[in-house]
Each structure stands twice: as structure tokens, then as C-alpha cells.
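Mapping the sequence shown onto this note's numbering, position 107 (from 1) lands on 414, and the numbers just tick up by one.
Even for Gly, the Cβ is constructed at its ideal location relative to N, Cα and C.
One structure below.
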Amino acid sequence: AQAFSRLNANYGQNLKVWNENIRFEGGDSSTVAYINNTNVSGVTCNTYNGASIGDCTNLHNTDARTIHAINSTFDNNYDIDAGGMYRKWYIDVNVQDLDNQPSPNASVVLKEANGFTVGTANTGSDGGTVRFIAKEYYEDSSNVMVYTPHNISVVMSGYSNATTVNLSTGGPYGFYGNR
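This is the structure we're talking about:
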């Protein structure tokens, strides 16, 4: 992402100042934007007499588009005037046995707090990591809908286990399929 400041003067009538790293404008409700694996931070605010002039945000959505921010941060410094934003994160699940060895052919299910199944995956014959993209929340100018905590359940030959992860508080999370 590129940081920028933009200063527009309307010939002495008004002064409009934007101090933003990412600004979305001109889209409609059918417009979708994806921000993947990005740390947007360090917005520099223009000031006058010690006070900030204009908006001072790392991310600003001014139109009706929907933003999907996946594994991305904004220093919790963003503004949603219109449209909305889904905050999503990777959940990587490693299933291990009591000796901390990968557990092959384990079935992993991820569910949102509302019971909706995000996905089902299998660790495969090598017991590899399973990755899901999970919603933390959706926010628009008047509403926030929270999808966390999530439930992760694992079933494998002769064993099962489940745990809850809260995307609002972070990880990491260890997961053992046969304890």
C-alpha cells in the first residue's frame, strides 16, 4: 500500500484535506475490494495549530462497496462511511498426536459462533496443515456483526476433539486430535 496525502483547494471557498493510506471512493454496491496480507499503518496527519486537518485514517471507505480485509491490519484506524467491511483471518490447523507428530487423515471442521460451517478439510496422508479463512466481523456505518468465537472440531481414527478460538483475542492455538 502506498501512503499519500492529498490537498485540494477550492479557490478560497473550502479546504479539503485527506490524510489516508487507502481511500475507496466512486464505487457502488456491486463493487468489491480485497486487501490481502497487508499491514496498513503509519498514516501521517496534516496539522494546523497542533490540530489534525481532515480525516486521519489508515483505511477509509466512502462509497457503497464491500471490502474483504483478509489477514490485514490497519492499526484499528479505519472509517466506514458507506458500504461495509468483512474482517477475515487465516486459521491454520495442525493436528498432532501425543508425540507432537502430524496426524494423517484427520477431518477438520470450522464453524462460526452462529453454527454456520465455514469449511471441512482433511489433513491428508502426510498430516499437513489445514487452512481456513474465517470471518471475525462485518461492519458498516451503523452495524457490527460478530462471527467469532469459532469452533474447530477434529475427528480421526478412534479419536475426536474440539476447541474454541476467538479471532478478537488472537492465537496461537495448539491442537491435539487424540487427547
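Through-space distance from residue j to residue i, alpha-carbon basis
i, j, result
"Ala-413", "Ile-459", "12 Å"
"Tyr-454", "Met-392", "13 Å"
"Val-256", "Asp-406", "This structure cannot speak to residue 256, because the chain is shown only from 308 to 486."
"Val-472", "Gln-408", "22 Å"
"Ser-379", "Asn-343", "6 Å"
"Ser-336", "Gln-403", "44 Å"
"Tyr-445", "Thr-427", "22 Å"
"Ser-432", "Pro-411", "5 Å"
"Pro-488", "Leu-366", "As displayed, the chain neither begins before 308 nor continues past 486, which places residue 488 out of reach and without an answer."
"Ala-389", "Tyr-466", "47 Å"
"Phe-381", "Ile-374", "13 Å"
Cβ neighbour criterion (16 or more within 10 Å) applied to residue i
i, result
"Tyr-397", "exposed"
"Thr-430", "buried"
"Tyr-385", "buried"
"Arg-394", "buried"
"Phe-423", "exposed"
"Glu-364", "According to the sequence as given, residue 364 is Thr; it is not Glu. Buried, by the Cβ-count rule."
"Arg-438", "exposed"
"Ser-475", "exposed"
"Val-415", "buried"
"Ala-376", "buried"
DSSP-derived helix/strand/coil call for residue i
i, result
"Asn-450", "coil"
"Arg-372", "coil"
"Pro-409", "strand"
"Asn-328", "strand"
"Phe-439", "strand"
Extent of the continuous beta strand (DSSP E) run through residue i
i, result
"Asn-468", "466-472"
"Thr-427", "424-429"
"Leu-417", "414-418"
"Gly-391", "391-400"
For residue i, the residue or residues it bridges with in DSSP
i, result
"Val-347", "DSSP lists no partner for Val-347."
"Val-339", "Thr-373"
"Asp-386", "His-367"
"Asn-458", "Lys-418 and Thr-471"
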